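All letters in the sequence shown, in the order written, are residues 0 to 80 by numbering that gives the first Met the number 0. Beta carbons: idealized from backbone N, C-alpha and C, even for Gly. All values derive from a computational prediction rather than experimental measurement.
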Amino acid sequence: MSTGIAATNASAIAVRLRELRTVLDGWLVDLEAAAQDTPGVEETAAARLEQRFHAARKRLGPPDDAVPADPARARGADGNE
């Protein structure tokens, strides 16, 4: 069934995959720039990465309450939950 769906929608799937590849390539450019030692480049790349993470958090919505953002905080002083 999934093969038929993919074959029927091949053009649309290809478009979405190309869009995804473009987004991933942008992440790679920013990550590689952040790793460089060139003065000033790191800050710019770090700012772009911060914007990307902010946009992702906004798009995904608030975190699930069942999963703590900081697992260490979910444990008590003795390390037990």
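Expressed to the nearest angstrom, what Euclidean distance is found between the alpha-carbon atoms of R47 and P62? Answer to the nearest angstrom: the Cα atoms are 22 Å apart.
Whole angstroms are fine: how far does the CA of E41 sit from the CA of T7? One Cα belongs to T7, the other to E41, and the distance between them is close to 44 Å.
Whose C-beta lies closer than 7 Å to the C-beta of A5 among residues of the same chain, with five residues either side of it excluded? The answer, listed in chain order, is I12.
Within the same chain, show all residues whose beta-carbon is closer than 8 Å to that of L30, passing over the 5 residues directly before and after it, in chain order. So the list reads A44 and L48, once near-sequence residues are dropped.
Nearest-angstrom Cα distance between D36 and Q50? Roughly 21 Å separates the two Cα atoms.
Please report the distance separating the alpha-carbon of A9 from that of A33. Computed Cα separation, rounded: 36 Å.
Measure the alpha-carbon distance for D24 versus T2 and round it to whole angstroms. Each residue's alpha carbon lies about 27 Å from the other.
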